[in-house]
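Residue numbers (my numbering): 156 to 388.
Notes to accompany the following structure.
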C-alpha cells in the first residue's frame, strides 16, 4: 500500500522504514513536531517516572543523564524509546491511559514516593486526577509542546490531488483534527474519498471523521502494532 505517515518527523522516519520492510511505500507528513522546553524538578523526590510518549522520553534525556529511576510507559513504542535512552527498568501498560492507570495502581502504593509524569503541554488524560482517589501522588513536568503544521507540504498535496495514496495513518486526535482542517482549507477534502483512514483509537477516529473517507478503521488495541495489523499482508 501507499501510505501517508502523519507522525512527527523522527518517529515517522522510523515507522517508514518498518513499513517499507513490510512491502509498503511511505510518504512522511509530520503534522505535529515537538518543541522542547521547560526544566526538570529535583528527581530525588520521586520514586519512578511515567512516560506517555516517545517525545517525553526524548525531552527527559535532553535534560539529564540520570537513569536511576524505574519508568512506567503507556505502550510498547514508548518502552522501547526508554530502553534505547538507557533506562534499565521499564514496565509498559501496552495500551492507553486507562491501562497505564491500572498498571500504576497495581505497581505503586500511597506510602511510596511520588511519581513524576514527564509530558507535553497537551495531555489526553489527567493521570494525577485518575490516581488521586487511590491516594497515589503524581506530579507533572511539562517538557515539550507540539507545534502544528500550518500547510501541507507540496509533495503531500501532489500525492493527495493525484490520488497516489491508499491510506493515512493517524496516531493522535490532534493530528487527525489538524489534518482534517488542512485538507478542508486547501481544497483537498474530496480527494480523501479514495483513501482509508487507519486510526489508533476511537478518539482518533472521531477526530478524523470530518473527511469523506473511503473507509474509517480503528485498531483493535491502542498501540502501533495493532494499527499496523490493519494493513494487508
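Note that beta-carbon positions come from the ideal geometry of N, C-alpha and C, so glycine has one too.
This structure is a prediction, so every number in the text was calculated from the model and none was measured.
Counting only runs that start and end inside the stretch 209 to 287, the alpha helix (DSSP H) elements of at least 4 residues fall at 209 to 218, 231 to 239, 252 to 262 and 282 to 287. Within the stretch 300 to 362, the runs of beta strand (DSSP E) that reach at least 3 residues and sit entirely inside it are, in chain order, 322 to 325 and 351 to 354. Taken through DSSP and simplified to helix, strand or coil, residue 170 comes out as helix.
Under DSSP, residue 379 forms no beta bridge with any residue.
Cβ-Cβ distances below 7 Å link residue 277 to 301 and 329 in the same chain, with the five nearest sequence neighbours on each side left out; the list follows chain order. A contact is defined here as three or more CB-CB pairs under 8 Å, and the stretch 207 to 227 fails this definition with respect to the stretch 316 to 323. Of the other Cβ atoms in all chains shown, 16 or more fall within 10 Å of the Cβ of residue 355; this residue is therefore buried. The three-state reading of DSSP puts residue 181 in strand, counting E and B together. An exposed status is given to residue 265, since fewer than 16 other beta-carbon atoms sit within 10 Å of its beta-carbon. Across the structure, residue 287 and residue 379 are spaced so that their CA atoms are roughly 29 Å apart. Linking residue 246 to residue 252 through their CA atoms gives a straight-line distance of about 14 Å.
In the three-state scheme derived from DSSP, where H, G and I count as helix and E and B as strand, residue 198 is classed as helix.
Residue range 370 to 373 is occupied by the beta strand (DSSP E) that includes residue 372. A straight-line Cα-Cα distance of about 27 Å links residue 198 and residue 165.
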